[in-house]
Amino acid sequence: MREQKSLRRETDKAMNTEIIKIDINNIDKEKIAHCAEVIRKGGLVCFPTETVYGLGASAFNADAVNNIFKAKGRPADNPLIVHISDYKMLELVTDCDGIQRDILDKLADEFWPGPLTLIAHRDDAVPANVSCGLDTVGIRFPSHPIAQALIEAAGVPIAAPSANLSGRPSPTRGAHVIEDMMGRVDIIIDGGNCEVGVESTVFDIAGEQMSILRPGAVTLEQISTVVESADELDWMKPHDNATEKPRSPGLKYRHYAPKATVKICDGEPSAVVSHILSEIKKAKNEGYSCGVLATDESFCYYKEDNVVVLSLGSLQDSLEQASNLFHCLRRFDDMGVNMVFAEALPKGGTGDAVMNRLYRAAGGNIFTV
Ligand code: AMP
Ligand code: MG
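Going by this note's numbering, the first residue of the sequence shown is number -4, and it counts up by one from there.
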């Protein structure tokens, strides 16, 4: 193959996408070398991480980065996360000293590799379009062995947002990526299911007030053991106000959403069930095809004709809920559901991350009974 600046064709014609299965427990080095070569030549490779699948390109190749935005239909003001596989790469992509440097090192020590993205000052080596022109960069050292092997073999940091079409639920299984990205990327690595299931915690150490911009599996409580003054953005606040510049650009969009309308109901469990049952009756009369996003505990109360009921798992287990959330949202689409009623879930720990994604999928549509 001739060396090109960017492998992606500039026409709208579908690309030839290779699907490569890789076993997380027995990583095939030749397959990884092939994928790494495509990254180095400016191509697009989807790969599994412990959070969700990523759509990756060399973080040092501005054309390839541009193709990520095209492949996803991603708004040009929503920055990407740069994935690294060692601390030498961290030096290449960030430019910070003093307190910021100190905190970066401490947090990296404590939480990397793992589901935490840190926002720090960007080194000029990283093209501006990775960060949509911001002088910061989001960096993460994933713990997934396939992600690590790919970045290491590529020898360059990999810029990657989630490997879904913009706005859709993030992909947590190879099949989800194939659904969204076939014909849009060079390679899809199918490496099985993602363990965490929701995107990384985004923690900003470059701003005046160090805050969590997006909740994830690494919680405020955990971060506070390292950074006492750590804070969390109030994500229930609407962020689409044109006068207010959101600190994390991705926050202003309806996101993670199935095609169906999603409505969340919060309150005392039995009141939630009766409210949802009466809403189902109304929606059915209006011709909607209804679904309920329930838990193992509430599942049995929704046995209605022509209603698709899916369980996120146990009410008490937010890790299980996180790993099932996006798969459930996609299944509603597969089953032709166009109105989903979701039970609000317990907050705290990873529960905050699950509720954050559900809230965004519902476009803020939450009703308290
Ligand atoms: P995704 O990889 O699709 O889950 O999206 C990455 C998210 O990380 C973006 O939507 C932003 O919210 C956040 N992010 C990445 N880089 C930055 C940055 N430099 N400043 C603020 N937020 C960022
Ligand atoms: Mg995303």
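Positions of the beta carbon are idealized from the N, C-alpha and C atoms, including for glycine.
These numbers come from a predicted model, not from an experiment.
Test item: CB-CB of residue i and residue j under 8 Å
| i | j | result |
| --- | --- | --- |
| Leu340 | Val332 | no |
| Phe42 | Ile141 | yes |
| Gly49 | Ala158 | yes |
| Cys189 | Val47 | yes |
| Ala317 | Val191 | yes |
| His139 | Glu45 | yes |
| Ile19 | Gly187 | yes |
| Thr12 | Gly178 | yes |
| Met10 | Asp181 | yes |
| Val335 | Thr214 | no |
| Ser293 | Val268 | yes |
| Asp111 | Leu99 | A quick correction: the sequence has Leu, not Asp, at residue 111. Contact: no. |
| Val60 | Pro122 | yes |
| Ala252 | Ala144 | no |
| Leu353 | Leu314 | no |
| Ser243 | Leu272 | no |
| Val125 | Pro74 | yes |
| Val193 | Gly211 | yes |
| Lys258 | Phe327 | no |
| His78 | Ala201 | no |
| Leu85 | Ile146 | no |
| Met205 | Ser224 | yes |
| Ala289 | Glu338 | yes |
DSSP-derived helix/strand/coil call for residue i
| i | result |
| --- | --- |
| Met177 | coil |
| Val302 | strand |
| Asp90 | coil |
| Glu45 | coil |
| Glu147 | helix |
| Ala52 | strand |
| Cys30 | helix |
| Ser206 | strand |
| Asn21 | strand |
| Ala115 | strand |
| His171 | helix |
| Val125 | helix |
| Asp97 | helix |
| Asp226 | strand |
| Gly192 | coil |
| Glu5 | Because the pLDDT of Glu5 is 49, which lies under 50, any placement of that residue in the model is unreliable, and the question is left without a value. |
N- and C-terminal bounds of the beta strand (DSSP E) containing residue i
| i | result |
| --- | --- |
| Asp261 | Thr256 to Asp261 |
| Leu272 | Looking at the DSSP string, Leu272 is not in any beta strand (DSSP E); the run it does join, the alpha helix (DSSP H), is Pro264 to Asn280. |
| Val335 | Met334 to Glu338 |
| Ala155 | Ile153 to Ala155 |
| Val197 | Thr196 to Asp199 |
| Arg135 | Thr131 to Arg135 |
| Ser318 | First-last for Ser318: Ser313 to Asp329, but that is the alpha helix (DSSP H), not the beta strand (DSSP E). |
| Arg355 | Looking at the DSSP string, Arg355 is not in any beta strand (DSSP E); the run it does join, the alpha helix (DSSP H), is Thr345 to Ala356. |
| Cys285 | Cys285 to Ala289 |
| Phe362 | Ile361 to Thr363 |
| Glu13 | Glu13 to Lys16 |
| His78 | Ile76 to His78 |
| Asp185 | Ile182 to Asp185 |
The alpha helix (DSSP H) enclosing residue i, as first and last residue numbers
| i | result |
| --- | --- |
| Asp58 | Ala57 to Lys67 |
| Leu215 | Leu215 to Ser219 |
Distance cut-off 7 Å: residue i Cβ against heavy atoms of ligand 3
| i | result |
| --- | --- |
| Ser157 | For the structure depicted, ligand 3 is absent and the ligand set comprises only ligand 1 and ligand 2. |
TODO: May I ask you to verify whether the stretch 93 to 107 touches the stretch 158 to 172, counting CB pairs closer than 8 Å and requiring at least 3?
DONE: no
TODO: Evaluate the contact criterion for the stretch 117 to 127 versus the stretch 88 to 99: three or more CB pairs, one atom per stretch, below 8 Å.
DONE: yes
- [ ] Check whether the stretch 65 to 74 touches the stretch 160 to 177, counting contact only when three or more Cβ pairs, one atom from each stretch, lie closer than 8 Å.
- [x] yes
- [ ] Kindly confirm or deny that the stretch 144 to 152 and the stretch 20 to 34 touch, where touching means at least three C-beta pairs closer than 8 Å.
- [x] yes
- [ ] Would you check if the stretch 296 to 306 and the stretch 272 to 279 touch, i.e. whether three or more CB-CB distances between them fall below 8 Å?
- [x] Segments in contact, yes.
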